[in-house]
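Taken in sequence, the protein lines are chains W and F. Basically the working numbering = 1-based index in the first sequence + 4. Basically the working numbering = 1-based index in the second sequence + 4. Here a beta-carbon is modelled for each residue, glycine too, at the ideal position from N, C-alpha and C. Please read all numbers here as calculations on a predicted model, not as lab measurements.
There are 2 protein chains.
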Amino acid sequence: MKNLLFHEIHQKSRLSIKELNNTLKGFELYSSQWSILFCLKQFGSMTQKEIWQYLNVEAPTVTRTITRLEDSGWVFREESHDKRAKNVHLSLFAEQHLPEIEKRIQLVEKEMVANLSNEEQDQLILLLKKIGQSF
Amino acid sequence: MKNLLFHEIHQKSRLSIKELNNTLKGFELYSSQWSILFCLKQFGSMTQKEIWQYLNVEAPTVTRTITRLEDSGWVFREESHDKRAKNVHLSLFAEQHLPEIEKRIQLVEKEMVANLSNEEQDQLILLLKKIGQSF
DNA sequence: CGAATATACTTACTTAGGTAAATAATAGTT
DNA sequence: AACTATTATTTACCTAAGTAAGTATATTCG
Chain W
5 MKNLLFHEIH
15 QKSRLSIKEL
25 NNTLKGFELY
35 SSQWSILFCL
45 KQFGSMTQKE
55 IWQYLNVEAP
65 TVTRTITRLE
75 DSGWVFREES
85 HDKRAKNVHL
95 SLFAEQHLPE
105 IEKRIQLVEK
115 EMVANLSNEE
125 QDQLILLLKK
135 IGQSF
Chain F
5 MKNLLFHEIH
15 QKSRLSIKEL
25 NNTLKGFELY
35 SSQWSILFCL
45 KQFGSMTQKE
55 IWQYLNVEAP
65 TVTRTITRLE
75 DSGWVFREES
85 HDKRAKNVHL
95 SLFAEQHLPE
105 IEKRIQLVEK
115 EMVANLSNEE
125 QDQLILLLKK
135 IGQSF
C-alpha cells in the first residue's frame, strides 16, 4: 500500500474530470468553467478572490476561466466599491440553463459511485476532507 | 452532501500535486515526470503504451513527459523488436537518485495524511479504488 | 501477394493549473 | 499629505492533460 494514495487520488481526479467534460460538451462548457458557475449558483455574486479561495486555486487560473465565461455569455463582471475588486454575476442565460446541467451532472456522479453504498460515499468524503488539514 | 465528492477529489488532487511539485523542485522534476519514474522503478523497462495504460492517461501526454525526462537524462528510449514501439529505461543517474527522492516523497505523503489513522488510510484507498469501476 | 485495417507513437492545438512579476487601488504610518 | 506596504487582478510563461489528425510499422484478409 506504499505511495498508492496520491496515485489513486490523481487517477480518480482525472477520471471524474473526463466524465464531467464529456457531459458538459453539449453545453460548450469545460469542467473548470462549471466549477465557477456552480460556485456562483451556490453563493450568489462573488469577487474573484472569493472564488479562488473557495475553489483552492490561484488567482490567475480564475481570471482566465472567468474571461472565457464572460466571452461566452455565462457571467459578467461588475466594478465593486473597492475598485481593485470585481464582482462576478451569473447571466440570465446561465440562470436559465444551470438547472438542466446540474441534473445531468448529478446523473454522471451517481453512475461513478454506483459501486459504493451511501454510507461509503459519506465516509469517503469525510476521509478526503481530513487530508492535508495540517497545511 | 450534494455534488461534493468530485469537488473534494479535485481539491485534494490539486493539493497533493502542489506538495509533490514542491518536494521535487530540488531534483528539477515535476509530478508527472515523477509518476513515470516511479512506474519504471516498480516494473522495470516499459513501452510507452504500457506506461500510459498504467497511469490512465493518453499517449501524447506520455510522449511529451518522456521527451523531457530523456532530455534531462533520467530515462532513455530504445527501439524494440516491433519498430513502432519504444522501450523506456531508467538511466544510471536515475537509478542512483531515485531512492533519495522516494524517501522525501514518503515523508510528504505521511504529513498529508497525518490526521488519518492507518485503518482510515487503507479504507480511503479502498473506497477510491471503487470509484468509476463501472466504466 | 497486396490492399485495407489496426497499432504505437508523434505533432499541433485546446483548456487547467502553477509561479513570478506588473498594474492599479487601498490602507497604514510617520 | 506623502511615502510605504498591502491587496485584487492581470499578464507572461511554464508544465499537465485532453482531442484530432498524421506517420510509420504490423497485421489481416480477400
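With a cut-off of 8 Å on the beta carbons, I'd call residue i and residue j a contact; round off their distance for me.
i: residue 116 (chain F); j: residue 105 (chain W); result: Not really, about 33 Å apart at Cβ, beyond 8 Å.
i: residue 49 (chain W); j: residue 13 (chain F); result: Not really, about 27 Å apart at Cβ, beyond 8 Å.
i: residue 46 (chain F); j: residue 9 (chain W); result: Not really, about 15 Å apart at Cβ, beyond 8 Å.
i: residue 51 (chain W); j: residue 90 (chain W); result: 6 Å
i: residue 41 (chain W); j: residue 94 (chain W); result: 7 Å
i: residue 24 (chain W); j: residue 43 (chain W); result: Rounded, the Cβ-Cβ distance is 15 Å, inconsistent with contact.
i: residue 7 (chain F); j: residue 113 (chain W); result: 7 Å
Tell me residue i's beta-bridge partners as DSSP assigns them.
i: residue 51 (chain F); result: F:91
Shorter than 8 Å, the distance from the beta carbon of residue i to the closest heavy atom of the ligand COA, or not?
i: residue 132 (chain W); result: In terms of ligand content, the structure shown is empty, and the ligand COA therefore cannot be addressed.
To test your reading of the DSSP string, which unbroken alpha helix (DSSP H) runs of 4 or more residues are found completely within the region 60-133 of chain F?
Segments of the alpha helix (DSSP H) lying fully in the region 60-133 of chain F: 63-75 and 96-116.
Evaluate the contact criterion for the region 118-136 of chain W versus the region 93-110 of chain W: three or more CB pairs, one atom per stretch, below 8 Å.
Too few Cβ pairs lie closer than 8 Å, so no.
Which residues, taken in chain order from the region 8-32 of chain F, show a beta carbon closer than 8 Å to some beta carbon of chain W?
For the region 8-32 of chain F, the set of residues with a beta-carbon nearer than 8 Å to any beta-carbon of chain W comprises 8, 9, 10, 11, 12, 13, 14, 15, 16, 17, 18, 19, 20, 21, 23 and 24, in chain order.
Is the number of C-beta pairs between the region 21-37 of chain W and the region 63-82 of chain F that are closer than 8 Å three or more?
Judged by pairs of C-beta atoms under 8 Å, the region 21-37 of chain W does not touch the region 63-82 of chain F, as fewer than three such pairs exist.
Tell me which residues of the region 36-50 of chain F have at least one Cβ-Cβ distance to chain W shorter than 9 Å, keeping chain order.
Correct list: 39 and 42.
What residues in the region 121-134 of chain F have a beta carbon less than 8 Å from any beta carbon of chain W?
So the close ones are 124, 125, 126, 127, 128, 129, 131, 132, 133 and 134.
What residues from the region 53-64 of chain F come within 9 Å of chain W, judged by C-beta to C-beta, listed N to C?
Against chain W - using a Cβ distance shorter than 9 Å - the residues of the region 53-64 of chain F are 59, 60 and 61.
Along the region 107-119 of chain W, where does the CB come closer than 8 Å to a CB of chain F? Name the residues.
Interface annotation for the region 107-119 of chain W against chain F: 109, 110, 113, 115, 116, 117, 118 and 119, criterion Cβ-Cβ distance under 8 Å.
Which residues, in order along the region 64-97 of chain W, keep a beta-carbon less than 7 Å from a beta-carbon of chain F?
So the list is empty, because no residue satisfies the distance condition.
Segments of 4+ residues assigned as alpha helix (DSSP H) that fall wholly inside the region 18-50 of chain W
Restricted to the region 18-50 of chain W, the alpha helix (DSSP H) segments that are unbroken, complete and at least 4 residues in length are 35-47, listed in chain order.
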